[in-house]
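To start, the structure under review is shown below, and the notes come after it.
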Amino acid sequence: MEESLERAVAVSVDPTANVALKTEAMAFCDQVRNSSNGWQVCLKIFIKVPKSSEHTRFFALHVLEDVLRRRYAGLNPNERAGLRQALWNWLVHNLDESEFVYMRNKFIQIVVLMFAAQYPGEWPSFFDDLLSLLSSTSGTQRNSIMIDTFLRVSLAIDDEVANLMISRDAKETARNTQIKDVMRENAVARLVSAWGDILMGSYQSDAGIANMCLRLFARYVAWIDINLVVNEAFISGLYQFLGVESLRLAACECLTEIVGKGMKPVDKLSLIRALDITNVLGSLPSDDAEFAEYVARLVNSLGLELCKCWEMQDIRESSFQLLQQIFPYLIQFLANEYDDTSSVLFPYLQAYTDVLKQYIKLGGQGSAKPLEENLIALLRTVVLKMKYDEGEEHEFGQQAGELDALFMELRQNLKKHFNAIATIDEPVFVNYILSVVTDTFGKIARSPGSVSWSEAELSLHLVYLLGESVKVQFAVGEPPAAVITPLGQMLTKMITSNVSAYPHVSIPLIFFENVTRYSQFFDLFPQYIPNVMEAFVDQRGMHHDAPFVRSRTYYLFRQYVQSLKGKLSPLVNNVLASIEDLMVVQLPEPKKPVRDGEEEVTATSFDSQLYLYEAVGILISLDGMTTEKQAQLLTVVLTPLMRQIEEIMRNELYRRDTPDNIVFTLQLDHLIRAIGNISKGFPDVDQASKVVQTVPAWALVFQQALGAIVAVLERLHESELIRNAVRIYFPFYSEIDLTPVRVAGLLSNSTRQELVDFVPFIGHITHKFKPAVFPIMNELIGPLMDRIFSSLNQPVDGTDDAFSLLELRKAYLNLLATIFNADMEGTLVTEANMPRLATVVQSVLHFVKESGDRTSQKLAFSVLTKMVLSWGASEDTQINGIDPKTYKKGIPGAKSDKAKHTTQPKPPLPGFEQFIYENIVPILFEVPMNASFNPSDGQCYLVMSEISSLQKTLVSAQGAKYLEYLVSVYLPSIGCPPNAAQEFVAALQRTDVKELRIFLQVGQRGVPPPKHYGL
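Here it is as C-alpha cells:
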C-alpha cells in the first residue's frame, strides 16, 4: 500500500504525466485519504527511514491533519495513543535541521492539533514532554533544533487555542477556554521562564531565536498573568532591545501588546505609569521607516488606552496629563512622510478628539483656551498631510493610478479628523484655515511663481472642505451693510487672486467645484459672476487642453448656470459667442452598433458635452429676454446642428456605415441628443404658453427641429441607436407636435427594454393631455398593443431579459390603469381597436393568475376593478355618473375620482357582464385558494386588498344579481355550505374594503378549512 501511494502521489504532481493516469492517481490518493485506515499508512510513510519523497510525506501530513481535525472522535484510545507516541518519538529522535521549513511547520501544526485534542485528559504530561526537549539536549548538537521546535510549538499553541482572528464554533471555544485555564495553573509560568532564558542566551548570537521569543511574549501577554511578563528584569531588557537594530521591531511589538492588554482602567493607568514609555519614546531612533511605523503603533496603542482611562472619572485628570505628555509623539508620527505610518495613528487621533470634545464640554467656558496650541498643531499636521507630495509622480483624471487612489483615500480619512477638530473649537479652526488659504491666494495674486502647485491645490481643497465642516454662510446682514464671513473672504480671495489661471492641471477643476458648491455666494456678490463665467468658457475650463478637465467642467457649468440663472441674462450673448466652437458635433470615432439587449458600458466625451447643450438651453430660456429674442438665439444655436443632420440625410452618408464603423449613424444620434438636451433647458411648453398667452416663439423653432428628427426616424427606424435618441427626448417634443406616425416610428423594431422605457411615456401623455389626445391614442393604441403583445410572447434570454419582461408587464398594466383613470378607455372599444379588446382582457386575466409575479398580479386585479367600473354595471345599478358620495358608500374603502364619476353614465359593454361571471368571479376565489398563496406574506397581503376591492366593486356594479349568483350558483359549485355562503354575502354588504380583506384572510386561513366554503 505504501509503495502504491508513493507512486500515486508522484504521478499526481508530475506535470508531464498522462491526463488519464493522473486522474486515476488522484482518485487513489483521495481513496486513501478517506479510508478508515489510510491515516495509518500515511503515518508509516512519514516516519519511515529512509525518508519517502517530499511530496509523499507532505501528503501524508495533510491526511493526518484531516484525521485530527475531522475524524479524531472516531479513533479508539489505542489508536490515539499510538498516533501520539509515533509522532512524538519521531520529533525527539528524527526531526533535524535538514527538514524543509514548510515540512517542519506542518508537522508542528499536527503535533499541536494532537495536543488540543488530548490535553489535559489524555496527555497531561504534554508540557513536561515539551520542556524536556530543552533539558535532554542541553549541550548537544540537537539543542538548537529543539529550541527552534520548542518555540514554534509554543507559537502554534497560541494560534490554535488563543488567536482571536480565527473563527471558531462554540465547542472549540469551550475546549480552548479549558486548555488555557489549565495552562495558567502551572504550564504558562514554566513556558515564560524558558522563553526568558532562551532570549537572554540568544539575543547576542541568534537574532532569529531572540525575535521568536519576543513574539511569544507579545502573543501570550493578552491572556496570561501580566506579572509574568511585566517585571523589572524583562522590561529593562525590552527597553535595551529597542536599541538593537535586529531586535527592535519585535521588542516594540511586544511593548505594544503589553500596553494593549485588557485590564481595568485603574490597573492600566498604573501599568502605563510603571512602564514610563514617554521617556523611552524620546530616545528611539526615527531614521528607519519600518521601525517608525512600529513605534507609531505603540503610540497609537498607548493613546487609545489613555483615552479609555479618561472615561473613568476617578482617574480622568491623571489620564489627561499623560495624554498631554504623549501628544508631541502623536504630532511627530502623524506628520511622518510615509502615509502608512501616519494612518496607524488615526484610531488614537479619533479617540483623542472625542476626549477633547468631552473635556471642553465638562470644563465649560474657558476650558478650550489652554488647548488652543494643541488644536492648532493638530490641525496644521492634518492639513499638511492633505497636501500632494511633489516628490512623487501624480496623474489626474483618467490617467490617475494606484498611488493617486491611495492618496485620495488618505484625504478622505483625514477629512473625518479635520471635521472633528472643527467641532471642538470652530473659531480657532476657521481662523487657522482662513490664514492658510488667504495667505496662499495672496501670494498667488502678487507672484504666482512663488507658490507651488500643491500649495495652490491644497488651499482650494480646504475651501471645498470648509463647507462640510462649518455652517455655510457668506455674509452677516444684508448688502450693502453686510459683513463678509471668513468663508466669504476665502471665496473672494480665490476669485480675485486669479488662482484659476495657475498653470497646473490639478487647479481648474477644484476651482470650478468650489464656485459651483458655493454658488449662493454669487447671489450676495454678483460682481464676481463675470470673472467666473469667463474662466468657465476660456482655456481654464471648457477650452482646457486636458479632456478630463473639459468633461467635468461641462457638468459644473450646467450646475452653475442652473443655480444662478436669475443673474446671467446680461452675459448670455458673450457666453454663447465664446462657446460657439464647442457646440459643433464632431464626427465620432468608429463604433460598433449596440446589439439588441446590450447596454453602453462606457461613457464618451460627448456624454459629458451634453451638459453643455443643456446649459445653453437654460441660458437662452432665461426670463430676462423676450421669447422672440430667445427664438433668435435658439435659431443661431440649432441651425448648425440642423444643417449637419440635413447634410447626412441628403447625401445618405449613413449608408456608408458598416457593422464595424457606424460613425454617421452615431453622429445623427449625437445631433439628436444635442438638440434634445438643449430642449431640456427650456421650461414646459404648457407653462410657458400660459405665461405669454400664446405658444412661445422658441417652441416653433423646436418644431422645425422636430421635423428634421422625425425624417431621420422614418428612414432609420430600424436603428436602435436612433430610436433611443429620439425616445429619450420625446416627452419634450410631444408637447410641441405629437402624431401617431412619429410615435409609431419609435415602436418599429423596438426591443423589450425600449418598450419598458417608452410605454410609461405614452401613459404620461395620456394623463397629461386628456381628452385632447383621444384621436391620437385611438390610432396609436393598436400598434402599441401589438408591439407589447409580441414582445411579451418572445422567449426570455438570460437574467437581464427576464427582468425586462417583468418590467414590461408592469409598464403594460400601468398603462391600462392610466387609460382608465384618464377616462380614455373608449380608445380600447373603437371600431379600429375593438378586435384587440379580447386579447387585452385575456392578457389581464393571465397576469391575475400569475402567482410567480405578485406585483403584476396585484396590478392586474386593479385593472379588472377599473374595467368593471367602466363596463360592468348592470342596467339597474350603473355606477358611472352617480354622485361621488353615493358611489363611495356603494364601495366602502374605494377611492373616488370626482371628475370621472360626475360624467354621464356609460352603457355597459356588450358581453362584458358574461365575462364577469364566467371569468372574473372564479378567479377571485381561485387565487387565494392556490397553495402558493400565503396571506401572511406582504405581497399576497396587497393582492388580497385588490381582491377585496374588486369584490366590493362587483357588488356595487351588479348589485343583487351578483349576490344571488354567489349564493345560488357559484359558491355551491365549489362545495361551500349554505350557511358559509350566506355569511360571506353578508360580509360583502356590511364591510368596507379593509374589513372585507381581514374577513377573507381569516376565512382563507381558518376553520373550517377554506375548501369547505370557498374562501
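The working numbering applies: residue 404 is where the sequence shown begins, and numbers increase by one.
Idealized CB from N, CA, C, for every residue including glycine.
DSSP three-state assignment for residue i, whether helix, strand or coil
i: N977; result: helix
i: T1061; result: strand
i: Q413; result: Residue identity check: residue 413 is Ala in the sequence provided, not Gln. DSSP places A413 in helix when its eight states are reduced to three.
i: V875; result: coil
i: I569; result: coil
i: V1232; result: coil
i: I887; result: strand
i: L478; result: coil
i: F461; result: helix
i: M945; result: coil
i: E660; result: helix
i: M586; result: helix
i: T540; result: coil
i: E405; result: helix
First through last residue of the alpha helix (DSSP H) which encompasses residue i
i: Q643; result: E635 to F644
i: C361; result: Residue 361 lies beyond the residue range present for the chain, which begins at 404 and ends at 1418; the question has no answer from this structure.
i: Q1107; result: A1100 to R1118
i: N682; result: I680 to L684
i: Y1215; result: T1202 to N1224
i: Q1361; result: G1341 to Q1361
i: F694; result: A692 to W713
i: P1043; result: T1030 to R1053
i: A1263; result: R1257 to W1274
i: E1316; result: F1315 to F1318
i: A420; result: That residue, A420, is in no alpha helix (DSSP H); it is neither H nor E in DSSP.
i: S1008; result: S1008 to I1023
i: N739; result: Taken as a continuous stretch (DSSP letters only), N739 belongs to no alpha helix (DSSP H), as it is neither H nor E.
i: N934; result: I932 to V940
C-alpha distance - residue i paired with residue j, whole-angstrom precision
i: E992; j: S1008; result: 11 Å
i: I1285; j: S1359; result: Below a pLDDT of 50, predicted positions are generally treated as unreliable, and I1285, at 41, falls in that range; the measurement from the model is reported next regardless. Computed Cα separation, rounded: 12 Å.
i: E812; j: R618; result: 32 Å
i: C616; j: L684; result: 23 Å
i: E635; j: R651; result: 18 Å
i: E740; j: D584; result: 45 Å
i: R578; j: Q521; result: 11 Å
i: Y835; j: I824; result: 11 Å
i: A771; j: T756; result: 12 Å
i: E1031; j: S1011; result: 30 Å
i: Q488; j: N481; result: 10 Å
i: G1255; j: K1269; result: 23 Å
i: Q643; j: S673; result: 22 Å
i: D531; j: G794; result: 59 Å
i: A1334; j: A1384; result: 22 Å
i: K509; j: L464; result: 7 Å
i: L894; j: Y1014; result: 25 Å
i: F821; j: I913; result: 18 Å
i: V1346; j: D1203; result: 26 Å
i: N1283; j: T1230; result: Low per-residue confidence applies at N1283: pLDDT is 49, beneath 50, and the placement is therefore not dependable, though the value from the model is reported in the following sentence. C-alpha separation (whole angstroms): 17 Å.
i: T899; j: L1208; result: 57 Å
i: M517; j: R571; result: 17 Å
i: D926; j: E881; result: 11 Å
Nearest residue (CA-CA) to residue i, options the options
i: S1348; options: F1264, L1366 and A413; result: F1264
i: V747; options: V702, K790 and I450; result: V702
i: I1048; options: A1018, V988, L1195 and G891; result: V988
i: S838; options: S528, L1056 and M897; result: M897
i: S1351; options: A1363, T956, P1331 and Y1368; result: P1331
i: V624; options: P911, E660 and M603; result: E660
i: L408; options: P418, A423, T956 and Q443; result: Q443
i: N1181; options: A1235, E406 and I1125; result: A1235
i: L861; options: T841, V879, F877 and V875; result: T841
i: T1169; options: E1157, R1155, E406 and I1184; result: I1184
Alpha helix (DSSP H) runs contained entirely in the stretch 491-527, provided each spans 4 or more residues:
List check, alpha helix (DSSP H) in window: 504-521.
Could I get the ranges of all uninterrupted alpha helix (DSSP H) runs contained in the stretch 816-858, with 4 residues as the minimum, in chain order?
When DSSP assignments are scanned along the stretch 816-858, the uninterrupted stretches of alpha helix (DSSP H) that are 4 or more residues long and fall wholly within it turn out to be 829-849.
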